[in-house]
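Just so it is clear: in the sequence shown, position 172 is 172 by the UniProt record's numbering, and no numbers are missing. Below is one structure, written out as structure tokens; comments come after it.
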Amino acid sequence: MLAAARHTAILDAVQREGVVKVADLAQRLGVSAVTIRRDIDALSDAGLLTRVHGGVMVPGEGGTHEPGFALKSTQHLEAKEAIALEAAALVTEDMAVGVTAGSTTWVLAKALAAGPRITVLTNSVRVMEAFSTSTSGSTVLLTGGQRTPSDALVGPLATASIRRLHLDLLFLGVHGMDENAGFTTPNLLEAEANQAFAAAARRVVVVADHSKWGVQGIGSICGLEEADCLVTDSGLPRAAISHLRDRIPSVRVAGASAA
């Protein structure tokens with residue numbers, strides 16, 4: 001494949017998915033990672049994309065860029081479904097479970113709706129709707145608040161509602177996870193709501209696919225070591241998995257033989 005064709009394919013992938021890893025691009029295009037990095041250098045120098053740790057993203061998507069739910073819900077769907085099945089196995093009947101807003105937690109909510117009877121606290125209308133066809137008898141409590149582009153309900157009303165309750169388990173969706181920044185979001189009010197969720201829970205389980213690695217939002221939710229468990233997918237590089245296992249007590253890789 002000629003360089004011009006690779007450049008077009010790379011830009012198409014970035015526009016479609018938001019963030020793409022070097023390894024994924026090399027596999028898709030059938031070339032070496034070194035070749036892809038040269039292509040990325042050329043495209044970055046031209047201002048057509050932005051480098052992130054291990055990959056590339058749409059230019060201008062800085063720490064406050066907040067993709068809409070409609071776009072995020074179509075990205076990395078296979079990985080999110082695998083994560084959802086792995087994470088849902090952590091839930092048992094009569095648990096009080098927090099589920100934050102996000103496309104991965106929305107997929108997880110659909111899996112939880114088919115599981116045991118639980119009580120769910122969420123700040124996501126999408127998550128609440130996922131339980132609308134559930135026959136398990138689960139109860140869903142929705143916070144109020146101001147709606148963000150990612151369909152999270154945030155602000156003082158949401159945060160106050162969360163702080164009043166006590167959760168057995170929290171499923172935390174994140175915009176990015178980074179070895180230095182920890183788990184982050186591009187919305188400061190959403191960061192505040194998620195911090196309240198984490199403080200209210202006995203156990204915090206982060207659900208995040210491989211595309212979140214190396215991505216930073218402006219708002220910090222918590223450090224890597226503050227999560228009790230991370231459920232991710234096999235697209236995450238081995239070096240990243242090793243680093244995360246050094247910081248988080250349990251890292252479960254969906255689809256892998258060992259967690």
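The beta carbon of each residue, even a glycine, is placed where N, CA and C say it ideally should be. Just so you know, these numbers come straight off a predicted model, no measurement behind them.
Quick one: Cα of residue i to Cα of residue j, how far?
i	j	result
residue 55	residue 217	16 Å
residue 199	residue 43	42 Å
residue 251	residue 125	28 Å
residue 146	residue 5	44 Å
residue 118	residue 100	16 Å
residue 111	residue 52	32 Å
residue 212	residue 149	18 Å
residue 47	residue 16	17 Å
residue 229	residue 166	18 Å
residue 1	residue 29	8 Å
residue 8	residue 14	10 Å
residue 26	residue 92	41 Å
residue 64	residue 187	Summary for residue 64: the model assigns pLDDT 49, below 50, so the residue's position carries little reliability, and this model does not support an answer.
residue 83	residue 241	15 Å
residue 151	residue 253	27 Å
residue 10	residue 236	19 Å
residue 133	residue 140	12 Å
residue 87	residue 176	18 Å
Starting from the Cα of residue i, find the closest Cα among the options and give me that residue.
i	options	result
residue 247	104, 131, 38 and 178	178
residue 3	15, 40 and 21	40
residue 81	249, 163, 245 and 233	233
residue 23	15, 33 and 16	33
residue 79	108, 98, 249 and 26	108
residue 224	89, 243, 129 and 238	243
residue 49	245, 31 and 20	20
residue 194	249, 122 and 36	122
residue 197	136, 226 and 129	226
residue 169	130, 89, 135 and 45	89
residue 116	102, 130, 138 and 104	138
Could you please give me the residues that DSSP links to residue i through a beta bridge?
i	result
residue 213	177
residue 252	231
residue 141	121
residue 96	119
residue 201	167
residue 110	Partner(s): none; residue 110 has no beta bridge.
residue 172	206
residue 153	147
residue 51	56
residue 183	177 and 222
residue 20	56
So residue i and residue j are supposed to be a Cβ contact under 8 Å. How far apart are they, rounded?
i	j	result
residue 220	residue 182	6 Å
Tell me, please, whether the CB atom of residue i is closer than 7 Å to any CB atom in chain B?
i	result
residue 236	Going by chain labels, chain B is absent from the structure shown, which holds only one protein chain.
Please determine if the segment 157 to 165 and the segment 202 to 211 are in contact, where contact requires at least 3 C-beta pairs separated by less than 8 Å.
The answer is no - the segment 202 to 211 does not touch the segment 157 to 165, with fewer than three Cβ pairs under 8 Å.
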